[in-house]
Amino acid sequence: MSNLLWKSLVVSPAVLGAALLVSTTAIAAPNTTTEVSPTEQPGVTEVAQKPEVLAQTTLDQVNRYSNEGNQNNSQSQVTSVSQFSDVQPTDWAFQALQSLVERYGCIAGYPNATYRGNRALTRYEFAAGLNACLDRVNELIATATADLVTKQDLATLQRLQEEFSAELATLRGRVDSLEARTAELEANQFSTTTKLVGEAVFAVSDAFGGNTGDNNNTVFQNRVRLDLQTSFTGRDVLHTRLAAGNAQAFSLRDNANGAIDTAEGTQTFQVGAGDGNNSVKIDRLTYEVPIGPANVYLAASGGRHSHYAAVNNPYFFDQTDGGNGALSSFASESPIYRIGGGAGIALNLPLGKGGGILGNSSITAGYLASEANDPGIGGLGTGLTNGDYAALGQLNFSVGNRIALAATYVHGYNAAGGLLFNSGSAADPEVSVGTGQANALSVANGSSTNSYGVSAAFRPSDKLSVSGFVSYHDVTGFGAGDDYEAWSYGLGVALPDFGKKGNVLGIFAGAEPYARNRVGFTGNDVPYHFEGFYKYRVSDNISITPGVIWLTSPGQNSANDDAIIGTLRTTFTF
0 MSNLLWKSLV VSPAVLGAAL LVSTTAIAAP NTTTEVSPTE QPGVTEVAQK PEVLAQTTLD
60 QVNRYSNEGN QNNSQSQVTS VSQFSDVQPT DWAFQALQSL VERYGCIAGY PNATYRGNRA
120 LTRYEFAAGL NACLDRVNEL IATATADLVT KQDLATLQRL QEEFSAELAT LRGRVDSLEA
180 RTAELEANQF STTTKLVGEA VFAVSDAFGG NTGDNNNTVF QNRVRLDLQT SFTGRDVLHT
240 RLAAGNAQAF SLRDNANGAI DTAEGTQTFQ VGAGDGNNSV KIDRLTYEVP IGPANVYLAA
300 SGGRHSHYAA VNNPYFFDQT DGGNGALSSF ASESPIYRIG GGAGIALNLP LGKGGGILGN
360 SSITAGYLAS EANDPGIGGL GTGLTNGDYA ALGQLNFSVG NRIALAATYV HGYNAAGGLL
420 FNSGSAADPE VSVGTGQANA LSVANGSSTN SYGVSAAFRP SDKLSVSGFV SYHDVTGFGA
480 GDDYEAWSYG LGVALPDFGK KGNVLGIFAG AEPYARNRVG FTGNDVPYHF EGFYKYRVSD
540 NISITPGVIW LTSPGQNSAN DDAIIGTLRT TFTF
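With numbering that gives the first Met the number 0, letter number 137 in the sequence shown gets 136, and the count goes up by one each step, no holes.
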């Protein structure tokens with residue numbers, strides 16, 4: 000008891016105090032950033048999880064919005080280096096250059112090769128247009144078409160050059176500098192086809208509540224991911240991701256001080272951490288490419304259904320347990336997407352062509368096998384078609400840019416001793432949601448599963464997002480007493496840009512996967528999960544997220560003390 004009181008006094012104020020301090024500072028600070036998500040458009044709101052598969056137009060309408068708040072790329076405000084006087088449309092120079100543009104087509108970037116009507120220009124902008132005309136005239140002279148350039152135009156150009164000599168010198172100096180830097184980058188670049196996207200998570204966490212609090216210490220954990228993203232055509236992408244970490248989930252304890260068979264409260268950075276000793280492994284090797292109207296997803300290792308299917312959980316989901324969404328893996332996505340994984344194929348196909356009832360719909364289908372690399376024929380089922388697998392079918396539908404809906408079906412098979420929500424990690428079970436009653440399949444016989452789920456996301460305004468899911472799982476074992484049913488549901492409310500652009504305040508509540516009245520298991524209560532977090536964006540590449548996870552009836556037993564997990568997570572993206 001003294002240990003619990005001491006940890007509560009020391010750690011809880013630190014976590015909650017940090018949250019209050021960050022929130023207060025963020026609300027009080029004026030929003031001076033001018034960052035714009037590259038996926039945002041003025042007046043357009045995205046409303047569905049965008050899969051990593053490069054989508055076509057119709058699929059974009061369905062698979063948008065979930066990654067809002069998680070984008071780290073931005074555009075900064077650009078200001079003039081020097082304050083030049085304006086060149087007015089009534090000036091002779093403006094009219095002279097406009098005439099040259101119309102005759103020689105110097106500026107092809109503007110509609111109709113014009114100077115955007117009669118908009119006033121800075122001297123620097125004007126010099127850029129003048130430089131383009133000089134280059135065009137020199138090109139005509141060099142190609143023996145000098146007769147196309149009149150002496151009058153040459154005299155006009157000479158006069159313009161003299162008047163804007165300073166601006167032209169500055170412009171050309173910058174162009175030369177840019178070309179030199181570009182040449183240096185090309186000479187020393189890692190690859191012409193590959194870019195590196197990295198994420199490092201640092202987290203200080205502790206667990207409180209009865210025996211659970213007494214049997215866990217305050218920890219400082221980490222996880223690092225390095226994703227090599229290669230594109231061969233500009234539309235495809237090959238993901239080769241390396242991961243390492245030392246994070247482990249807390250051990251929840253019952254009132255008899257025994258460990259509870261449950262994955263409740265597992266946090267996203269504790270998933271995919273390998274053996275917990277910072278050993279490096281390839282945790283994802285996938286390839287996505289558009290073929291005709293469809294987008295094809297191929298997984299050689301580490302494939303997940305949520306890589307290619309729209310999960311409809313914006314601001315909570317962050318590309319399969321990333322460090323910028325919810326704290327827990329349960330709040331990140333519906334448990335139905337964690338049934339199976341590994342190697343396989345999937346595709347997204349649009350339905351309709353922008354009009355009618357199917358105009359904004361698409362269908363998603365995928366097949367992943369967890370032991371596709373094993374050619375063995377004895378003992379447990381192995382191989383691409385004779386081992387553990389999960390086949391997914393999903394219908395996606397969106398209403399405008401504010402509502403996204405999905406209906407999901409997953410059929411799976413697991414050999415004896417398998418786990419239902421293990422994301423296909425057969426050799427190193429990666430169970431991150433749900434109780435033992437819902438996860439543990441028959442230890443003596445194989446099991447066939449049929450799972451049904453619905454998910455929805457609704458964004459009534461740019462400052463509010465509501466999303467939720469429900470999933471039902473029917474397990475048929477091949478032995479007596481092996482059958483059972485499991486349920487899960489959750490609802491999240493997110494306030495993007497709360498206090499400052501890029502920040503997110505999230506609240507999530509629901510029931511992690513549970514199974515009631517199961518033969519051979521004790522505990523028949525619903526294990527509720529409550530979570531609150533505040534992601535504070537320090538910069539484009541750093542965010543700090545304090546938060547709390549509250550678990551009631553852990554292990555499906557109301558006699559067990561509630562468990563509370565406090566976390567202060569820092570995420571670096573690069």
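Every residue, glycine too, gets a C-beta built ideally from N, C-alpha and C.
My understanding is that Tyr314 touches Gly324, with C-beta atoms under 8 Å, so please give their C-beta distance in whole angstroms.
-> 7 Å
Start and end of the alpha helix (DSSP H) containing Gln220?
-> It is not in any alpha helix (DSSP H) - Gln220 instead sits in the beta strand (DSSP E) that spans 218-229.
Kindly indicate which three-state DSSP category Gly244 falls into: helix, strand or coil?
-> strand
Since Glu198 sits in a beta bridge, which residues does DSSP pair it with?
-> Arg224, Thr572
Helix, strand or coil for Ala165 per DSSP?
-> helix
In this structure, does DSSP put Ala439 in helix, strand or coil?
-> strand
What residue does the alpha helix (DSSP H) around Phe189 start on, and which one ends it?
-> Element bounds for Phe189: n/a, residue is neither H nor E.
Would you mind sorting Lys499 into buried or exposed? The rule is 16 or more other CB atoms within 10 Å of its CB.
-> buried
Smallest Cα separation from Gly257: which of Gly209, Asn347, Thr155?
-> Gly209
Kindly list the residues whose CB is nearer than 6 Å to the CB of Arg283, restricted to its own chain and excluding five residues on each side of it in sequence; keep chain order.
-> His238, Arg240, Gly301
Please confirm if the segment 155-163 is in contact with the segment 87-99, defined as three or more CB-CB distances below 8 Å between the two stretches.
-> yes
So does the segment 496-512 actually touch the segment 531-541, counting three or more Cβ pairs closer than 8 Å?
-> yes
C-beta atoms of Gly392 and Ala368 nearer than 8 Å = no
What first and last residue would you give for the alpha helix (DSSP H) that runs through Ser305?
-> 304-307
Output the distance between the C-alpha atoms of Ile563 and Asn221, rounded to the nearest integer angstrom.
-> 20 Å
Return yes when the Cβ of Ile338 is within less than 8 Å of the Cβ of Leu419, no when it is not.
-> yes
Can you pull the DSSP bridge partners for Asn294?
-> Pro289, Asn347
Straight-line CA distance for Ala309 to Thr319?
-> 12 Å
Exposed or buried, Arg568, counting other C-beta atoms within 10 Å across all chains shown (16 or more means buried)?
-> buried
Just mark Glu178 as buried or exposed, buried being the case when its beta carbon has 16 or more other beta carbons within 10 Å.
-> exposed
Would you kindly check if the distance between the Cβ of Ser464 and the Cβ of Ala493 is under 8 Å?
-> yes
Hey, how far is the Cα of Arg135 from the Cα of Leu170?
-> 16 Å
Indicate whether Phe125 and Val174 have their beta-carbon atoms separated by less than 8 Å.
-> no
Give me whichever residues DSSP pairs with Asn395 in a beta bridge.
-> Ser361, Ala405
Grouping DSSP H, G and I as helix and E and B as strand, with all else coil, what is Pro334?
-> helix
How is the alpha helix (DSSP H) around Leu494 delimited, first residue to last?
-> Taken as a continuous stretch (DSSP letters only), Leu494 belongs to no alpha helix (DSSP H), being part of the beta strand (DSSP E) at 483-495.
Whole beta strand (DSSP E) runs in the segment 442-483 with 3 or more residues, listed along the chain?
-> 446-460, 463-476
What does a CB cutoff of less than 6 Å around Arg515 pick up in its chain, not counting 5 residues either side in sequence?
-> Asn523
Which of the three DSSP states, helix, strand or coil, is assigned to Gly260?
-> According to the sequence shown, residue 260 is Asp rather than Gly. Three-state DSSP puts Asp260 in coil, outside helix and strand.
What number of angstroms, rounded off, separates the C-alpha of Ala202 from the C-alpha of Thr566?
-> 7 Å
Cβ neighbour criterion (16 or more within 10 Å) applied to Gln60 = Low confidence applies to Gln60: its pLDDT is 44, below 50, so where it sits in the model is not reliable, and the reading given next is rough at best. Buried, because 16 or more other Cβ atoms sit within 10 Å of the Cβ of Gln60.
Supposed close pair Ala485, Tyr513 - CB separation, criterion 8 Å | 6 Å
Are the segment 400-417 and the segment 429-437 touching by the rule of at least three beta carbon pairs closer than 8 Å?
-> no
Length of the line joining the Cα atoms of Gln188 and Ala182 = 10 Å
Do you know offhand how far Pro37's Cα is from Phe468's?
-> For Pro37, the pLDDT reaches just 33, beneath the cut-off of 50, and the residue's location in the model is therefore unreliable, leaving the point undetermined.
Own chain, CB closer than 6 Å to Phe497, minus 5 neighbours either side, in chain order | Leu504
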